[in-house]
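Quick note, the sequences are listed as chains A, B, C and D, same order. Using my numbering, read the first sequence as starting at 1 and increasing by one per residue. Using my numbering, read the second sequence as starting at 294 and increasing by one per residue. Using my numbering, read the third sequence as starting at 587 and increasing by one per residue. Using my numbering, read the fourth sequence as starting at 880 and increasing by one per residue.
There are 4 protein chains.
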Amino acid sequence: MATIAFIGLGNMGGPMASNLVKAGHSLSVYDLVPEAVEKLVNEGARAADNPGQAVEGADFVVTMLPAGKHVAGIYLGEDGLLQSLDPKTVVIDSSTIDAETSRSVGQAAREMGIGMMDCPVSGGVAGAAAGTLSFMCGGAAETFEKAKPILECMGAKIFHAGDHGAGQIAKMCNNMLLSVLMVGTSEALRLGQDNGLDPKVLSEIMGASSGKNWTLEVYNPCPGVMENVPSSNDYKPGFMVDLMCKDLNLALENALQNGSSTPMGALARSLYTSHARKGNGKRDFSSIFEFLG
Amino acid sequence: MATIAFIGLGNMGGPMASNLVKAGHSLSVYDLVPEAVEKLVNEGARAADNPGQAVEGADFVVTMLPAGKHVAGIYLGEDGLLQSLDPKTVVIDSSTIDAETSRSVGQAAREMGIGMMDCPVSGGVAGAAAGTLSFMCGGAAETFEKAKPILECMGAKIFHAGDHGAGQIAKMCNNMLLSVLMVGTSEALRLGQDNGLDPKVLSEIMGASSGKNWTLEVYNPCPGVMENVPSSNDYKPGFMVDLMCKDLNLALENALQNGSSTPMGALARSLYTSHARKGNGKRDFSSIFEFLG
Amino acid sequence: MATIAFIGLGNMGGPMASNLVKAGHSLSVYDLVPEAVEKLVNEGARAADNPGQAVEGADFVVTMLPAGKHVAGIYLGEDGLLQSLDPKTVVIDSSTIDAETSRSVGQAAREMGIGMMDCPVSGGVAGAAAGTLSFMCGGAAETFEKAKPILECMGAKIFHAGDHGAGQIAKMCNNMLLSVLMVGTSEALRLGQDNGLDPKVLSEIMGASSGKNWTLEVYNPCPGVMENVPSSNDYKPGFMVDLMCKDLNLALENALQNGSSTPMGALARSLYTSHARKGNGKRDFSSIFEFLG
Amino acid sequence: MATIAFIGLGNMGGPMASNLVKAGHSLSVYDLVPEAVEKLVNEGARAADNPGQAVEGADFVVTMLPAGKHVAGIYLGEDGLLQSLDPKTVVIDSSTIDAETSRSVGQAAREMGIGMMDCPVSGGVAGAAAGTLSFMCGGAAETFEKAKPILECMGAKIFHAGDHGAGQIAKMCNNMLLSVLMVGTSEALRLGQDNGLDPKVLSEIMGASSGKNWTLEVYNPCPGVMENVPSSNDYKPGFMVDLMCKDLNLALENALQNGSSTPMGALARSLYTSHARKGNGKRDFSSIFEFLG
């Protein structure tokens, strides 16, 4: 069993750390919120007073932080964790952040002989709790092999997308595509309804045809088509509009930097942003079905 | 075995009629192009001099025509086929046309006691030849049950979408969604490539995540990701841009009539139309990947 | 002074007819709503019992009707007005309808030796009352010259756009462009506001720069920038969202028929349609500023 | 007459500096390209060996640099110009860059008691040569009053948009709107042409109606409508597609940071980016007319 430092015990990080404890690993945890730490301690983890103490003697470091500036802040600089880590430590950053930060932090680690991976996840809070997350990983192949057994305690699908930053790029591309699937599926179902079709029947037909996609089959946005999805529960999240906006902003910012043309992704971002600004940020992202009117 | 009149032996109608012959049915066929008729006669069908002669004594009538005006023209009016059909005949129109025409022709048939279904297909020329088409059917449930055994000779999936016109609506919604999936998938793969990711790896990751969709998995638009798809064969069709434009025009026209909002479908239609106008109408619709630049 | 039949005395037609009466012309008027007729009679017009009676002995016929089917219905067919008109009559249809109907009715008139123009207007109810409408006219040049003095009693700008239907096309293109200007201007002002700029200052700067356009200068969508525009009066129309949707539907339907690519117009149509479906159809079209959020 | 340091003598900066010399000011100039410096020296300026030497004793400093990093680089840091400037110097940065950099550099100057303005321009190379540029200025009102006489030697319209960064915001909003006007106008003219209308006549009608806008009247994108515009000269710039992409990227990046919804601006950015990627980056931005097909 490994000694693991886990920093960032929020909605996602908390249950991910729990799964590592359940798998028998020895965890040293840190978060700004005492209740979040306390919960993990009750499950068997040790509380650290600060990130530096958490990583002492760790085989693996896992961070789950809100934005690129937090990741850069905790790892880089004179007081950064990279300065105090043993080169054999494997560093896993599961934060969903801009690829550029992942690249620069990953590169800084590499230059110090430390293996680091950007490993953002998909699957949401439910997936974090169930240990069925997908991990999209960027970094060296040998680091990936070392990190994989740890990631498998928290997720069901572990992908090696490429070098530093590639994990972020893969998630960013996937979630941009997801937003397009969601709006496109909502439009198609709306159009069918406006013509008197039963959305259940239409969903079944399109799901067996070339319109088949994840949102139609797993996360149908039309109320009443599926049970146990947000659309049949007043669009309670699930995956919030605000989080989709965050991911679309990352994707579009990247597209601006690369000079990539993403007409559908850009349109989805505008629609989701207007939807959020009209008070729907905390609802599930499938509520874009309502936004269309 | 049934006696079937088949009118319209083009790229799709020809192989569909062949499959009915192969299934042992007795076919009387008509088309304006002598070569198309001759081919079916060589396979065992009888040639009719005109549509009226073709339908004499038929248990089933199948039509496969280019546009709504042809369907209205052949069925309605004083010389229309509906006037001469026995009420027990089951009429199957497999043309992809506007739902309004399907509704009015279907309703006219109903008023004369004739069971009629609009049954547009998806699956392309390859599906027509292989007998693996999907049929999306609109009309009365009892007519659907009668038509089903005949449709099963030509297709693998037979759906009852609802009353007259519902087959057209289902196909129209599906193909609008398909266009959005194709553009969205192309954008996501492009963005990944611009960031140095291998599109094969990215396709695999998104295909196992929430970006999963038909175009990614079955018809990948990025050259080299899949074998035996148009993108790996210089975008030779497959399903032509011009045909996607036709289907998107039907969907958008319907959205205008219903006051439905379809921002993604409308954008896809604009992009495909510009693509076609720049000389790409005869290429496969996955070539929108190139259009993005 | 001329004898003029005026059919259709609604929000626009009523004040237009009034201006003809004020200019000294002899009017015979017809409308389905008795109050509308009564108002004109009080101003000096004669009431006709039906359209046929209205046009008896008329030098000019003016119609102002809601949709293409009404225009085709009143002019064409066995009982249509064209059958009973003297060839020297000049027919002015000021309805905003699809160009195809205008072309077919205009062509039918031409074949009977009757000069007809499609003359849709812009300028709204206020322009109709003030006699400052713009007329965009389609038909023969000699008919245009005959119609012009009559149109000048109702409007300030009279344009000859081309042959039959060209008036409709010109208005349709203009109003599609107007919708794009309105959304684009709203976005630019919103973005400036989000950055702390005073929208009055920003409007002044863009109005003196390459962002200059009619909506910015005459009809600013941001509340408080201008007095006496709908945005400063809780978006009371003005020009209703529902009417903009009607005009955009005409434009997009035409684009579908012609295979024209109009990405911005199509997007504006989607946004306005969603806005209308969410209960804003009767508000001024500049309220799209609010829709953006 | 003032002593002015001018740094950055490219396509825009060169003629701007010339106009200051012609107005009788004493110029000390610097650029990395010797030919650019030589040209100004021949007109009467003094050459400086480096930026620090250029600003010695200057009443005004004017910079015209390509991107935010250059502006931050030259002003900030231990060796930055702000360290060596006399507090009475007025600093004018005419570079078109991100507002955030303008804000931070302007704020840094303010903290050192130096009055600084961000003053991006519009009007292009022709406007720079003719001294008819528009300046959109951000900074303190008293600095604006001091800078104005100098700006008036180079431009015709001098606007005070607000505090630090507001000049950049105003230009960014204006140019985003400009891109929307250009695409929208191109679509409307295309749609008219597809219906057989003469684009000159349609331009005249829309220019006198609510479709009136700068691109229609001053910079018509349809070949043959206007003389002396890029569209009638094979789309030779003018204002290049690449520069419009740069400005749209600045606007969209800002919209992402602020959470602003700009559906039309985002669409224009996608279309212009695809257009540039297909080899049209060096053509005039009105060539988007061709892109629509």
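Cβ coordinates follow ideal geometry from the N, Cα and C atoms, glycine included.
Note to self: Please return the same chain residues whose Cβ sits closer than 7 Å to the Cβ of residue 486 of chain B, not counting the five positions on each side in sequence.
What the structure shows: Locating residue 486 of chain B in the second sequence gives position 193, where the first residue counts as 1. Only 492 meet the Cβ criterion.
Item checked: Close Cβ partners of residue 1049 of chain D (< 6 Å) along its chain, the five nearest in sequence each way excluded -> To locate residue 1049 of chain D, count along the fourth sequence from 1; it is residue 170. Same-chain partners within the cutoff: 1015 and 1040.
Next item on the list: Could you confirm whether any beta carbon from chain A is found closer than 9 Å to the beta carbon of residue 860 of chain C?
Entry: Along the third sequence, read from residue 1 onward, the residue named residue 860 of chain C stands at position 274. It does: the Cβ of residue 860 of chain C has a partner Cβ on chain A nearer than 9 Å.
Margin query: Using beta carbons (cut-off 9 Å, strictly below), is residue 866 of chain C in contact with chain B?
Written below: As a first step, residue 866 of chain C must be located in the third sequence, where it is residue number 280. Closer than 9 Å: no.
Next item on the list: Out of C:839, C:676 and C:636, state which residue places its alpha-carbon closest to the alpha-carbon of residue 665 of chain C.
Entry: Numbered from its first residue, the third sequence carries residue 665 of chain C at position 79. If we check each option's Cα against that of residue 665 of chain C, C:636 comes out closest.
Check: Could you give the uninterrupted runs of the alpha helix (DSSP H) lying entirely in the region 771-858 of chain C, keeping only those of 4 residues or more?
Finding: 785-793, 800-804 and 827-844
Item checked: One or two residues paired with residue 614 of chain C in a DSSP bridge -> Your numbering for residue 614 of chain C matches position 28 in the third sequence. DSSP, once it has assigned bridges, lists C:591 and C:632 as partnering residue 614 of chain C.
Check: Does the separation of the CB atoms of residue 395 of chain B and residue 431 of chain B fall below 9 Å?
Finding: Counting from 1 along the second sequence, the entry for residue 395 of chain B is found at position 102. Counting from 1 along the second sequence, the entry for residue 431 of chain B is found at position 138. Yes, these two residues count as a Cβ contact at 9 Å.
Next item on the list: May I ask you to list the residues that DSSP assigns as paired with residue 722 of chain C?
Entry: Walking along the third sequence from the start, residue 722 of chain C turns up at place 136. Under the DSSP definition of a beta bridge, residue 722 of chain C partners with C:745.
Check: Tell me which same chain residues have a C-beta within less than 6 Å of the C-beta of residue 516 of chain B, skipping the five on either side of it?
Finding: Your numbering for residue 516 of chain B matches position 223 in the second sequence. Cβ neighbours of residue 516 of chain B beyond the five flanking positions: 524 and 525.
Check: Hey, quick one: how far does the beta strand (DSSP E) through residue 970 of chain D stretch, first residue to last?
Finding: Taking the first residue of the fourth sequence as position 1, residue 970 of chain D is located at position 91. From DSSP, the beta strand (DSSP E) with residue 970 of chain D extends over 969-972.
Next item on the list: Can you tell me which of the three DSSP states residue 994 of chain D falls into?
Entry: Reading the fourth sequence from its first residue, position 115 is the one you call residue 994 of chain D. The answer is strand: DSSP assigns residue 994 of chain D an E or B state.
Next item on the list: Quick one: list the residues of chain B neighbouring residue 159 of chain A, beta-carbon separation under 9 Å, in chain order.
Entry: Position 159 of the first sequence, counted from the start, is the residue given in the question as residue 159 of chain A. Under the 9 Å cutoff, chain B gives 494, 497, 498, 501 and 502.
Next item on the list: Find the residues of chain A that neighbour residue 877 of chain C, judging by a C-beta separation of less than 8 Å, and give them in chain order.
Entry: The residue given as residue 877 of chain C occupies position 291 in the third sequence. Those within 8 Å of residue 877 of chain C in chain A are 274.
Next item on the list: Kindly indicate which residue of C:851, C:718 and C:703 has the alpha-carbon position closest to the one of residue 761 of chain C.
Entry: Here residue 761 of chain C is taken as the residue at index 175 of the third sequence, counted from 1. When only C-alpha atoms are compared, the closest one is C:851.
Next item on the list: Using beta-carbon positions only, say whether residue 766 of chain C and residue 1062 of chain D come within less than 9 Å of one another.
Entry: For this step, residue 766 of chain C is matched to residue 180 along the third sequence. For this step, residue 1062 of chain D is matched to residue 183 along the fourth sequence. Yes, the Cβ-Cβ distance between residue 766 of chain C and residue 1062 of chain D is below 9 Å.
Check: Whose C-beta lies closer than 6 Å to the C-beta of residue 295 of chain B among residues of the same chain, with five residues either side of it excluded?
Finding: Stepping through the second sequence from its first residue, residue 295 of chain B is reached at position 2. Answer for residue 295 of chain B: 318, 352 and 353, listed in chain order.
Margin query: DSSP three-state label for residue 63 of chain A, please.
Written below: Reading the first sequence from its first residue, position 63 is the one you call residue 63 of chain A. In the structure shown, residue 63 of chain A sits in a strand (DSSP, three-state: E or B).
Note to self: Between residue 7 of chain A and residue 30 of chain A, how many whole angstroms is the CB-CB distance? I'm expecting something under 8 Å.
What the structure shows: Translated into the one-based positions of the first sequence, residue 7 of chain A becomes position 7. Translated into the one-based positions of the first sequence, residue 30 of chain A becomes position 30. Indeed, because the Cβ distance is near 5 Å, the residues count as touching under 8 Å.
Check: residue 277 of chain A versus chain C: which residues are under 7 Å apart at the beta carbon?
Finding: In the first sequence, the residue the question calls residue 277 of chain A occupies position 277. The contacting residues are 879.
Note to self: In the DSSP assignment, the alpha helix (DSSP H) including residue 282 of chain A goes from what residue to what residue?
What the structure shows: Along the first sequence, one-based indexing puts residue 282 of chain A at 282. Premise fails: residue 282 of chain A is in no alpha helix (DSSP H) and is neither H nor E.
Margin query: Tell me the residue span of the alpha helix (DSSP H) that contains residue 606 of chain C.
Written below: As a first step, residue 606 of chain C must be located in the third sequence, where it is residue number 20. It spans 599-608 - the alpha helix (DSSP H) in which residue 606 of chain C sits, taken as one unbroken run.
Notebook entry, point to check: Among C:598, C:862, C:823 and C:855, which one has its Cα closest to the Cα of residue 714 of chain C?
Noted result: Numbered from 1 along the third sequence, position 128 holds the residue referred to as residue 714 of chain C. Among C:598, C:862, C:823 and C:855, the Cα nearest to that of residue 714 of chain C belongs to C:598.
Checklist line | Straight-line Cα distance separating residue 671 of chain C from residue 605 of chain C | finding: On the third sequence, residue 605 of chain C is found 19 positions in, with the first residue counted as 1. On the third sequence, residue 671 of chain C is found 85 positions in, with the first residue counted as 1. So the alpha carbons of these two residues sit roughly 24 Å apart.
Note to self: Please list, in chain order, the chain C residues whose beta carbon lies closer than 7 Å to that of residue 460 of chain B.
What the structure shows: Your numbering for residue 460 of chain B matches position 167 in the second sequence. Result: empty, since nearest Cβ-Cβ is about 21 Å, beyond 7 Å.
Margin query: So, at 7 Å on beta carbons, what are the nonlocal neighbours of residue 793 of chain C in its own chain, with the 5 sequence-adjacent residues on each side left out?
Written below: As a first step, residue 793 of chain C is located in the third sequence; it is residue number 207 there, counting from the start. Excluding positions up to five away in sequence, the list reads 802 and 803.
Next item on the list: Determine, using beta carbons only, whether residue 869 of chain C comes closer than 9 Å to chain B.
Entry: Numbered from 1 along the third sequence, position 283 holds the residue referred to as residue 869 of chain C. For residue 869 of chain C, the answer is no, since every Cβ of chain B falls outside 9 Å of its Cβ.
Next item on the list: Determine the direct distance from the alpha carbon of residue 877 of chain C to that of residue 861 of chain C, and round the result to whole angstroms.
Entry: By 1-based counting over the third sequence, the position of residue 861 of chain C is 275. By 1-based counting over the third sequence, the position of residue 877 of chain C is 291. In a straight line, the C-alpha of residue 861 of chain C is about 7 Å away from that of residue 877 of chain C.
Margin query: Is the separation between the beta-carbon of residue 1001 of chain D and that of residue 1037 of chain D shorter than 9 Å?
Written below: Translated into positions along the fourth sequence, residue 1001 of chain D becomes position 122. Translated into positions along the fourth sequence, residue 1037 of chain D becomes position 158. Their beta carbons are not under 9 Å apart, which means residue 1001 of chain D does not touch residue 1037 of chain D by this criterion.
Next item on the list: Please report the Cβ distance between residue 695 of chain C and residue 754 of chain C, rounded to the nearest whole angstrom; I am assuming they are in contact, meaning their Cβ atoms lie under 8 Å.
Entry: As a working mapping, residue 695 of chain C is identified with position 109 in the third sequence. As a working mapping, residue 754 of chain C is identified with position 168 in the third sequence. In fact, because the Cβ distance is near 15 Å, the residues do not count as touching under 8 Å.
Item checked: Any chain D beta carbon closer than 9 Å to residue 474 of chain B -> The residue given as residue 474 of chain B occupies position 181 in the second sequence. Cβ-Cβ to chain D under 9 Å: no for residue 474 of chain B.
Notebook entry, point to check: I think residue 931 of chain D touches residue 960 of chain D, with their Cβ atoms under 8 Å apart; what is that distance to the nearest whole Å?
Noted result: Translated into positions along the fourth sequence, residue 931 of chain D becomes position 52. Translated into positions along the fourth sequence, residue 960 of chain D becomes position 81. Their Cβ separation, rounded to whole angstroms, is 7 Å, which keeps residue 931 of chain D and residue 960 of chain D in contact under 8 Å.
Notebook entry, point to check: Would you say residue 63 of chain A and residue 75 of chain A are within 9 Å of each other, going by their C-beta atoms?
Noted result: The residue labelled residue 63 of chain A in the question sits at position 63 within the first sequence. The residue labelled residue 75 of chain A in the question sits at position 75 within the first sequence. Cβ distance < 9 Å, so residue 63 of chain A and residue 75 of chain A count as in contact.
Next item on the list: Could you give the DSSP three-state label for residue 934 of chain D: helix, strand or coil?
Entry: Translated into positions along the fourth sequence, residue 934 of chain D becomes position 55. Of the three classes helix, strand and coil, the one that applies to residue 934 of chain D here is coil, per DSSP.
Note to self: Please list the terminal residues of the continuous alpha helix (DSSP H) segment that includes residue 442 of chain B.
What the structure shows: Residue numbering aside, residue 442 of chain B sits at position 149 when the second sequence is read from its first letter. From DSSP, the alpha helix (DSSP H) with residue 442 of chain B extends over 434-444.
Notebook entry, point to check: Going straight from the alpha carbon of residue 147 of chain A to that of residue 947 of chain D, what length do you get?
Noted result: The count along the first sequence starts at 1 and reaches residue 147 of chain A at position 147. The count along the fourth sequence starts at 1 and reaches residue 947 of chain D at position 68. C-alpha separation (whole angstroms): 39 Å.
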